[in-house]
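Colleague: Okay, here's the structure, questions in a sec.
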Amino acid sequence: MTAHTETGTATPAGEPQGRFWTPGDQVLWRYRGNGTDAVHIARPVTVVRDDADLLAVWMAPNTPVVRPVIADGTPVHREPLATRYVRPRATRVEKWWGAGVLKLARPGEPWSVWLFWDQEWRFRSWYVNLEEPLRRWSAGVDSEDHFLDISVHQDRSWRWLDEDEFAQAQADGLMTAALAARVRQAGWRAVRVIEAWGPPFSDHWQDWRPDPRWPVPALPADWDRPADGPGHAAGDRFGVRPARRSA
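Written out as structure tokens, the structure is:
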């Protein structure tokens, strides 16, 4: 999938050739299905920070999101692992349940870091999502998930997550051996950051709170459109949208 900013070329998150987004702007954080250009995850988010070093976005509770399901409606995580990646799929719009999620991505890094709290704003953990480096377009960022993840706790301990799914994806041909090796190497690079307690873990993001004036973003009707495809110029009605402010 080819994306472009106002200047017409795809750029990594945090390196727009046109302009940075402003805190309060609403954009889409999307994932393509593995081995396809079709979007199967779309999450409207609010920009917290956007500069040359970091893109930070907030996914609020009750945000309408698109998630994949098995074609018969079975949630993906309830499908047996042996058939989880080979059965036909569809997508479904649901509200994000539970507390919100803060997502952090540094330019060019093959992972993003997510922060989780409970409903009372007690911090739970960081989550390192291994993925293709985010690609920016006028209305958001796109990536492809790489199955393997890392959980990080406040005592600075960490552990691999979803290694069974990572192995199954390889067995089902969704990842080549070469790609799987690169993903594992990226994971070890992330582990070195964790063990050194480098950014963003050292940046006290767990103390951050969203602006209470920010509304919950709506899901655009064309959430799955190609990134800046024909007839979708930067700044159209589903491009960057400033959050409405209450009086």
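For what it's worth, UniProt numbering labels the leading residue of the sequence shown as 1, then goes sequentially. Just so it is clear, CB atoms sit at the ideal spot from N, CA and C, and this is done for glycine as well.
#1: Starting from the N-terminal side, write out each stretch of the alpha helix (DSSP H) that is 4 residues or longer and does not extend beyond the stretch 59–88.
#2: Do you know whose CA, among K103, R78 and T63, lies nearest V69's CA?
#3: In the DSSP output, what is A90 paired with across the bridge?
#4: CB R106 to CB D142, shorter than 8 angstroms?
#5: Determine contact between the stretch 179–189 and the stretch 142–152, defined as no fewer than three beta-carbon pairs at a distance below 8 angstroms.
#6: Please state if the CB of V93 and the CB of V76 are separated by a distance shorter than 8 angstroms.
#7: Can you tell me whether W205 is buried or exposed, with buried defined as 16 or more other CB within 10 angstroms of its CB?
#8: Leaving out the 5 sequence neighbours to the left and right, which residues in its chain are closer than 8 angstroms to A82 when beta-carbon positions are compared?
#9: Less than 8 angstroms between the C-beta atoms of V86 and M59, yes or no?
#10: Counting only the same chain and skipping the five closest in sequence on each side, list residues whose C-beta sits under 8 angstroms from that of R89.
#11: Output yes or no for whether 8 angstroms exceeds the beta carbon distance between V152 and K103.
#12: Following the continuous alpha helix (DSSP H) through A196, name the residue where it begins and the one where it ends.
#13: Tell me whether D211 is buried or exposed, calling it buried when 16 or more other Cβ atoms sit within 10 Å of its Cβ.
#14: May I ask you to report which of helix, strand or coil DSSP gives A38?
#15: Quick one: what's got a C-beta closer than 7 angstroms to G35's C-beta in the same chain, skipping five residues either side?
#16: In whole angstroms, give me the CA-to-CA distance for A190 and W214.
#17: Counting only the same chain and skipping the five closest in sequence on each side, list residues whose C-beta sits under 7 angstroms from that of V216.
#18: Under 8 angstroms Cβ to Cβ from F123, same chain only, skipping five residues before and after it: list those, please.
Modeller: For this structure:
#1: 81–84
#2: R78
#3: V69, per the DSSP bridge assignment.
#4: no
#5: yes
#6: no
#7: buried
#8: Q168
#9: For V86 and M59, no; Cβs fall outside 8 angstroms.
#10: G33, H40, P68, V69, I70, A71 and V76
#11: no
#12: Where A196 is concerned, the enclosing alpha helix (DSSP H) stretches over A177 to A196.
#13: exposed
#14: coil
#15: L174
#16: Roughly 31 angstroms separates the two Cα atoms.
#17: Correct list, in chain order: A60, N62 and T63.
#18: L115, F116, W117, Q154 and Q206
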